[in-house]
Amino acid sequence: MAHYTRYCLTLGCFFAFFAFGFIDNLKGPILPELIKDQGLSLSQGGNILFAAYLGFIVATFITGMTADTMGNRRILFLAGVLMSIGLVGISLIDSFTILVLMMFVLGLGLGAIEVSANGLIVELHPGDAGRFLNLLATFHGTGSFLVPLVVARQLNANVGWRTVFLSAVLLSGTLAVAFAFASGRNPRRQTINLNLSWMKLIRIGFAGEMIWYYVLICSYVAVELGVAAWLMEYLQSVRGQSISQSSYYLSGFFAMIMLGRFLGSFVVERIGYLRVVAVSLLGGGASLLVGILGPDFCIVALPISGLFFSIVFPTVAAHVTGLRKENNGLLLGLLFTFGGIGGAMGPWTVGVVGQKYGLGVGLCSMVGFCVIAFSTVAILLAKQSAQSRARS
Numbered sequence: 027m028a029h030y031t032r033y034c035l036t037l038g039c040f041f042a043f044f045a046f047g048f049i050d051n052l053k054g055p056i057l058p059e060l061i062k063d064q065g066l067s068l069s070q071g072g073n074i075l076f077a078a079y080l081g082f083i084v085a086t087f088i089t090g091m092t093a094d095t096m097g098n099r100r101i102l103f104l105a106g107v108l109m110s111i112g113l114v115g116i117s118l119i120d121s122f123t124i125l126v127l128m129m130f131v132l133g134l135g136l137g138a139i140e141v142s143a144n145g146l147i148v149e150l151h152p153g154d155a156g157r158f159l160n161l162l163a164t165f166h167g168t169g170s171f172l173v174p175l176v177v178a179r180q181l182n183a184n185v186g187w188r189t190v191f192l193s194a195v196l197l198s199g200t201l202a203v204a205f206a207f208a209s210g211r212n213p214r215r216q217t218i219n220l221n222l223s224w225m226k227l228i229r230i231g232f233a234g235e236m237i238w239y240y241v242l243i244c245s246y247v248a249v250e251l252g253v254a255a256w257l258m259e260y261l262q263s264v265r266g267q268s269i270s271q272s273s274y275y276l277s278g279f280f281a282m283i284m285l286g287r288f289l290g291s292f293v294v295e296r297i298g299y300l301r302v303v304a305v306s307l308l309g310g311g312a313s314l315l316v317g318i319l320g321p322d323f324c325i326v327a328l329p330i331s332g333l334f335f336s337i338v339f340p341t342v343a344a345h346v347t348g349l350r351k352e353n354n355g356l357l358l359g360l361l362f363t364f365g366g367i368g369g370a371m372g373p374w375t376v377g378v379v380g381q382k383y384g385l386g387v388g389l390c391s392m393v394g395f396c397v398i399a400f401s402t403v404a405i406l407l408a409k410q411s412a413q414s415r416a417r418s
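Sequential numbering of the sequence shown, starting at 27, is according to our numbering.
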């Protein structure tokens with residue numbers, strides 16, 4: 027492949043992940059206005075978020091199976107189209123049922139980006155994939171960090187939440203156009219045709235302790251996305267903050283995630299993957315409790331929780347890839363799928379629990395997922411210790 031084509035496609039992937047981070051995290055800043063404008067309950071708000079992450083789960087599962095036949099470029103084009111349809115539908119159609127459906131379609135587009143952009147980067151830079159995948163994640167973080175600030179500015183200028191969603195079509199539409207005209211022969215993909223049956227898929231994907239890793243990643247993602255989706259609504263409705271104030275806290279949460287992943291890259295190898303995940307979950311869960319249960323000056327602990335949570339997902343993914351010498355693609359695909367399940371469970375749980383017991387309790391329910399994740403790490407550490415003793 028020509029150097030220029032590889033360069034352009036790499037930039038296209040970076041833009042795709044920036045759009046992914048921005049559009050995916052529109053929901054949190056806009057949720058308070060959406061609930062108020064539509065007269066929705068907290069549980070209905072949770073159902074809207076659940077629909078988006080259900081679409082994400084479906085897309086990651088299907089895209090993982092079709093990427094080799096369709097090609098990642100075509101899937102990125104389709105992702106831009108699906109996101110554009112979802113954003114336009116959300117903006118123009120005044121029906122709760124259609125809103126839920128369009129959120130599902132939006133989630134399909136977001137899930138397609140998750141798999142295809144990562145896959146295309148590996149195709150383009152097979153000898154330097156680690157560095158470029160980290161750069162890719164940085165662009166997602168940049169979009170996530172900027173979106174609360176941009177949305178707060180628009181809402182304070184009396185721009186309606188529907189218009190905010192519609193304006194995001196500039197990103198999704200640009201993505202679709204960019205990959206519609208992407209030219210050049212597809213790079214050779216180093217793939218292995220596993221010709222898996224469902225029984226063999228289960229036997230490989232759920233062998234040994236893998237089920238514990240799926241529970242771990244599912245529980246963790248539930249926490250991260252549950253906090254990200256409901257933090258602004260909690261700060262405004264429970265703590266009495268303004269749109270601008272709450273947007274700074276949500277941006278701070280994403281900024282801490284970016285900073286934590288950068289700093290974590292220097293310590294995870296020294297401490298050990300599972301140990302650093304255990305410490306991170308303890309720190310993140312404690313920060314959530316202090317921020318929710320403490321007085322107003324303790325609210326700063328909520329964005330600080332992102333500093334602890336930040337390294338859990340990439341560290342678990344890195345650990346899983348080192349467990350076996352083959353079938354890593356299959357294992358990571360299943361890991362991402364369970365992460366998507368957690369992404370659906372977390373925001374939905376906050377909404378349902380918050381509707382019955384109050385949003386503060388709903389947000390505290392994320393600490394329960396932290397406990398599940400930490401308990402899973404403890405089990406894995408015990409198994410790891412037992413295996414070490416058996417070998418010696």
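A virtual CB, placed ideally from N, CA and C, is assigned to each residue, including glycine.
8 Å contact criterion, which L251 and G372 should meet: CB distance rounded: 5 Å
Assigned secondary structure, H151 (DSSP; H/G/I helix, E/B strand, else coil): coil
Range covered by the alpha helix (DSSP H) that runs through R99: N98 to L118
Of the listed residues H29, V303, I101 and T164, nearest to F44 (C-alpha basis): T164
Cutoff 7 Å; reference S69; Cβ partners in own chain excluding five residues on either side: G377, V378 and Q381
Cβ shell of G286 (< 6 Å), same chain only, five flanking positions each side left out: L333, S336 and I337
S277 and P174 closer than 8 Å at C-beta: yes
When L35, F46 and C324 are compared against A105, the one with the closest alpha-carbon: F46
Integer-rounded CB distance, given that A254 should sit under 8 Å from F279: 7 Å
Alpha-carbon spacing of P55 relative to F288, whole angstroms: 25 Å
Nearest-angstrom Cα separation, counted from T168 out to L242: 26 Å
Reduced DSSP secondary structure (H/G/I, E/B, other) of F292: coil
Spatial distance of G368 from F362 (CA atoms): 10 Å
Expected contact under 8 Å - CB spacing of I74 and L125 to nearest Å: 6 Å
Buried versus exposed, by CB contacts within 10 Å (16 or more), A408: exposed
Limits of the alpha helix (DSSP H) - the one that F43 falls within: H29 to D50
Which listed residue (L319, L172 and G365) has its alpha carbon closest to that of A281: L172
Own chain partners of Q262 with C-beta closer than 6 Å, once the 5 adjacent residues on each side are dropped: P58 and S272
8 Å contact criterion, which F76 and A327 should meet: CB distance rounded: Not a contact, Cβ separation roughly 27 Å.
Straight-line gap, F122 to G71 (C-alpha atoms, nearest Å): 10 Å
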